[in-house]
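Heads up: the sequence shown runs through residues 8 to 195, numbered per the numbering used here. From the three backbone atoms N, C-alpha and C, an ideal C-beta is built for every residue, glycine too. Since we're looking at a predicted model, the values are computed, not measured. The structure under discussion appears below in the form of structure tokens.
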Amino acid sequence: MFKGYSDEDRFTQFDPTNIHPYAAAWILGATVGCVDFQNYAMEQLYNHSCKQSDQPLVVTPAAMEKIMTGEPFQSPLRWFMEDFVCTHFGNEQLIKGEISGWIRLMQKCPWFLHSLMIMLRYRTNGGIAGMFVMLKVKEVYMIKNERKPLMAPTYQLNVVTPAKRGADGTPKPKEVTAPHVKCERADA
């Protein structure tokens, strides 16, 4: 199923509204709740972000806006795309689009502007010019798949306790005990 979905020959990066097929696959995995599929898509997306990739990840303002406004704030896909764009913002081969499109995106998403400004500041100051990279190791963007261990057969779930019955099988009335309250009269 995924091979047909991720056929990159069908994906044209000339349409600025297209998001990368692996980003779309990650969103599909989130929709159906499949963590393994999301992690596979993230791994492929991360591999396309590397310099040695034969088909590098290319991002436009419209595609970035789809991800930034469509994904929750804690989304690893959103973190990854934000880190990728902030790291490679000066590379016109990877970050396409008009400056006006990026400005509109930053007006809609001020936290993205904040991240970009931090990257630009530390990239040019402190003697680390060109060495500051916001893109983290791949494992940071992966979702931990915490599967619950199978329960031991000694555990019993949904156990029903039978009602108390007398020797003849009739239910016993519940014993209701009222709390004893000591009351003293003030006029006594």
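{"query": "Three-state secondary structure (DSSP) of Pro117", "result": "helix"}
{"query": "Residue span of the alpha helix (DSSP H) that contains Asn54, given as start and end", "result": "42 to 55"}
{"query": "Local conformation of Pro79 per DSSP, three classes", "result": "coil"}
{"query": "Residues that Arg172 bridges to, as DSSP identifies them", "result": "Pro178"}
{"query": "For Cys57 and Glu146, the rounded distance between their alpha carbons", "result": "15 Å"}
{"query": "Inter-residue Cα distance where the pair is Pro117 and Ala30", "result": "22 Å"}
{"query": "Bridge-paired residues (DSSP) for Val66", "result": "Ile102"}
{"query": "Own chain, CB closer than 8 Å to Lys171, minus 5 neighbours either side, in chain order", "result": "Pro178, Lys179"}
{"query": "Exposed unless 16 or more other CB atoms sit within 10 angstroms - verdict on Arg128", "result": "exposed"}
{"query": "C-alpha gap between Thr94 and Gly40, whole angstroms", "result": "29 Å"}
{"query": "Beta-carbon gap between Ile106 and Val66 smaller than 8 Å", "result": "no"}
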